[in-house]
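J.: Under numbering that gives the first Met the number 0, read the sequence shown as residues 0 to 346, first letter to last. The C-beta atom is built at its ideal place from N, Cα and C for all residues, glycine as well. Below is one structure. I have some questions about it.
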Amino acid sequence: MAIFDQLFRDVGIDLGTANSIVYLRNRGIVVNEPSVAAVNQKTNQILAVGDEAKRMLGRTPNHIDVIRPLVNGVISDFEMAQEMLRHFLRRLNRGSLFSYRRGIIAIPNSLTEVERKSVEDAALSAGCGKVYLIESPVAAALGADLPIHLPTASLVIDVGGGTTDVAVISMGGTVTSRTLKVAGDRFNDDIARFVRDEFRLLIGEPTAEFAKLAVGSAMPLDERLEVGIRGRDISTGLPREVTLKNNHVRQALHKSLDTMIEAIREVIEATPPELAGDMLKQGIYLCGGGALLRGLDELVERETGVTTRVVDEPLTCVARGLGQVVDGFERHRELLDNPLKPLVINL
């Protein structure tokens with residue numbers, strides 16, 4: 000049995016719009032890189048994946064495209080998603096005999112059957128023997144060590160790159176949920192649009208993300224934060240630098256944060272009364288990269304009246320939940336969709 004486990008590994012994959020995180024049985028998190036691929040359109044050759052590809056964003060000649068295979072949590076470029084997954088899994092397999100027996104993939108709540116099938120097919124093509132799907136908020140609740148198997152409510156908000164999942168979980172299932180396309184990538188777009196309108200300066204996504212991390216917040220701060228950012232002047236076409244302050248970014252994010260708060264309220268209002276009472280006692284849990292936005296927990300708590308916490312290491316919370324499923328598969332099997340196997344056609 001020990002030899003079998005060494006040759007056939009189980010793997011958990013948080014296939015996110017912004018980042019892909021891979022958990023390997025008995026080893027923990029082994030990949031945590033951007034969901035980005037760079038391809039040479041002349042030769043159709045993939046030049047880079049992950050961190051290396053992200054560094055190329057906005058810096059390539061016309062014949063090299065830097066592609067995000069997922070948009071708003073959905074695979075938009077199947078071939079690139081497949082190649083990206085294959086690249087990550089082969090990197091782990093280098094110089095080893097083992098193959099992947101089971102792949103556990105985290106997905107947004109709102110995916111259609113066609114979109115779910117696309118994720119499954121990509122994982123099968125990348126080398127997984129069987130593929131199981133689990134909704135991201137359920138995996139996040141596991142990763143945060145919430146009592147999801149008990150008849151009590153856990154409200155989880157997973158703020159990713161492409162989507163935000165808001166879900167009430169009880170007895171291993173989702174009671175009510177909302178998925179909205181307001182998350183980290185939308186925040187970056189908001190900042191770039193604000194800088195364009197306010198300063199007449201064009202900046203790219205990497206610069207907008209840098210500004211978000213450096214000075215962004217959802218609530219007013221006691222400390223004064225500001226950062227210099229560079230871009231292209233709309234009028235002159237020449238490079239220019241401006242100073243972006245915390246209140247600028249907060250103003251840029253205002254509408255998107257209002258949309259997020261409205262979705263959270265809708266989920267709470269749709270929760271059965273008994274579970275709503277549990278929620279008041281248990282609180283709200285924020286995870287995902289977007290949970291790192293300064294003051295987001297304070298904003299949610301102020302607007303809902305429910306104690307709100309950011310989980311430990313929110314970026315890897317879903318992956319840690321996948322790890323619990325990978326390491327204790329039979330114990331958590333009821334949380335998963337039915338598996339798909341590679342199609343075998345005998346001629």
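Would the region 268-284 count as touching the region 164-172 if we require 3 or more Cβ pairs under 8 Å?
T.: yes
J.: Check residue 8 in the structure and name its three-state DSSP category.
T.: DSSP places residue 8 in strand when its eight states are reduced to three.
J.: Does the distance from the C-beta atom of residue 288 to that of residue 17 stay below 8 Å?
T.: In this structure, residue 288 sits near residue 17, with a CB-CB distance shorter than 8 Å.
J.: Just verifying my parser: in three-state terms, what is the DSSP assignment at residue 145?
T.: Correct three-state label for residue 145: coil.
J.: For residue 117, does the three-state DSSP call read helix, strand or coil?
T.: helix
J.: Quick check: the Cα distance between residue 238 and residue 62, rounded to an integer number of angstroms?
T.: Computed Cα separation, rounded: 24 Å.
J.: Could you check where the beta strand (DSSP E) with residue 44 kicks off and where it finishes?
T.: 44-48
J.: The ligand MG and residue 150: does the residue's C-beta get closer than 7 Å to at least one heavy atom of that ligand?
T.: The model on display carries no ligand, and the ligand MG is accordingly not part of it.
J.: Assuming the contact rule is C-beta atoms closer than 8 Å, residue 35 and residue 85 should be a hit. Round their C-beta distance to whole Å, please.
T.: At roughly 15 Å, the Cβ-Cβ gap does not stay under 8 Å, so residue 35 and residue 85 are not in contact.
J.: From 142, 115 and 44, pick the residue whose C-alpha is nearest to that of residue 75; which is it?
T.: 115
J.: From the DSSP secondary-structure annotation, give me the bridge partner or partners of residue 129.
T.: 101
J.: For residue 122, which residues of its own chain have a beta-carbon under 6 Å away from its beta-carbon, when the five flanking residues on both sides are left out?
T.: 102, 104 and 130
J.: Can you tell me which of the three DSSP states residue 262 falls into?
T.: Residue 262 sits in a helix when the DSSP states are folded into three classes.
J.: Hey, how far is the Cα of residue 43 from the Cα of residue 32?
T.: If you take the alpha carbons of residue 43 and residue 32, they lie about 22 Å apart.
J.: From the DSSP output, which residues share a beta bridge with residue 240?
T.: 229
J.: For residue 208, collect the residues of the same chain with a Cβ closer than 7 Å to its Cβ; drop the 5 residues on either side in sequence, then sort them by chain order.
T.: 187
J.: For residue 290 and residue 248, which I take to be in contact (beta-carbon distance under 8 Å), what is that distance rounded to the nearest angstrom?
T.: Rounded, the Cβ-Cβ distance is 16 Å, inconsistent with contact.
J.: May I have the straight-line CA-CA distance separating residue 132 from residue 336, to the nearest angstrom?
T.: 5 Å
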